[in-house]
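Asks: Under our numbering, think of the first position of the sequence shown as 716, with each following residue one higher.
Ideal Cβ positions, reconstructed from N, Cα and C, are used throughout, including at glycine.
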Amino acid sequence: MQFKAIIFDLDGVICHTDHYHFQAWKQLADRLGIPFNEEDNDRLRGVSRMESLNIILEKSPRLYSDQEKLAFAEEKNENYKKLLMQMTPADLPEKTLATMQELRARGLLLGIGSSSRNTKLILSRLGISDFFDAVADGTEISRSKPDPEVFLLAAEKLGVLPAEAIVVEDANAGIQAAKAGGFFAVGIAVAAGHPAADYAINSIQMLLDIIE
Ligand code: BG6
Ligand code: MG
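Spelled out as structure tokens, the structure:
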């Protein structure tokens, strides 16, 4: 199969912000007295901020109003943005950058498809604001993964059809989104075990095995 583009998820694929998400939610959950562990956190991968909050509140003994929930989501995001300020270009693994450069040298367009509304901030912290050919993120979509909207938008911006593009995802919701959109889905980390993934990798460099 001759692919024209690769669309990367951001959190947990390009960089390890997934751990910052965990820490930021954990601070909120601890304050509210709600149990929250790494296993719960896996359910939040790829899922929007408000949907993530609703999943965390499933374990809460009390109900909260929409206004309280908005304040909690904002509180978590403030915790999260403080953690993001620790990031520097050194947090972009050298092998990830080298692999993406090699994929580009082999003729592929490179894009980002992320549910995060902090995508541009993260790309800037990593020093790769202008690196990708197209970026589609949580500020531009109304339906989060597992809906394919963000990947379809990334493909449209890249000028390719879904069938011509690979999506790389660490989230089960992201694999579902990629398949729902008609993309070739590559699973990494937790998502490498997803039954719907077309291909599983345990490092970004393994993408070079499927691209001539
Ligand atoms: C996804 C993460 O990339 O972005 C989720 O995997 C997160 O865990 C979602 O909830 C939304 O992120 P943000 O930065 O808009 O709160
Ligand atoms: Mg992810």
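Specify, as a first and last residue, the run of the alpha helix (DSSP H) that E879 falls within.
Replies: Note, E879: premise wrong, no alpha helix (DSSP H); not H, not E.
Asks: Excluding sequence positions up to five away, which residues of its chain have a Cβ less than 6 Å from the Cβ of V850?
Replies: Counting only Cβ-Cβ distances below 6 Å, and skipping sequence neighbours, we find I827.
Asks: Beta carbon of V905, beta carbon of D913: below 8 Å?
Replies: Not closer than 8 Å, so no.
Asks: If contacts are defined as beta-carbon pairs under 8 Å, then T814 and L725 qualify, I think. What distance do you get, rounded to the angstrom?
Replies: Going by Cβ atoms, the distance from T814 to L725 rounds to 15 Å, so no, they are not a contact pair.
Asks: Considering only the alpha carbon of each residue, which of E753, L812, L747 and R777 lies closest to H734?
Replies: Of the listed residues, the one whose Cα sits closest to H734 is E753.
Asks: Determine the direct distance from the alpha carbon of F723 to that of D781, and round the result to whole angstroms.
Replies: When rounded, the distance between both Cα atoms is 32 Å.
Asks: Quick one: grab the DSSP three-state call for A886.
Replies: Note: A886 maps to coil in three-state DSSP.
Asks: Report buried or exposed for A744, applying the criterion of at least 16 other Cβ atoms within 10 angstroms of its Cβ.
Replies: Buried.
Asks: Please classify F899: does DSSP put it in a helix, a strand, or coil?
Replies: In the structure shown, F899 sits in a strand (DSSP, three-state: E or B).
Asks: In angstroms, rounded to a whole number, what distance separates the CA positions of K774 and D757?
Replies: Rounded to whole angstroms, K774 to D757 spans 15 Å at the Cα level.
Asks: Around the Cβ of D885, are there at least 16 other Cβ atoms within 10 angstroms (buried) or fewer (exposed)?
Replies: With 16 or more other Cβ atoms within 10 Å, it is buried.
Asks: Which of helix, strand or coil does DSSP assign to F718?
Replies: Here F718 sits in coil by DSSP.
Asks: Pull up the DSSP beta-bridge partners for F723, would you.
Replies: DSSP lists I827 and V883 as partners of F723.
Asks: Run the proximity test for G889: is its beta-carbon closer than 7 Å to any non-hydrogen atom belonging to the ligand MG?
Replies: Yes.
Asks: Skipping 5 residues on each side, what residues in its chain have a beta carbon closer than 6 Å to that of D838?
Replies: Correcting the residue identity first, residue 838 is Leu in this sequence and not Asp. Cβ neighbours of L838 beyond the five flanking positions: S844.
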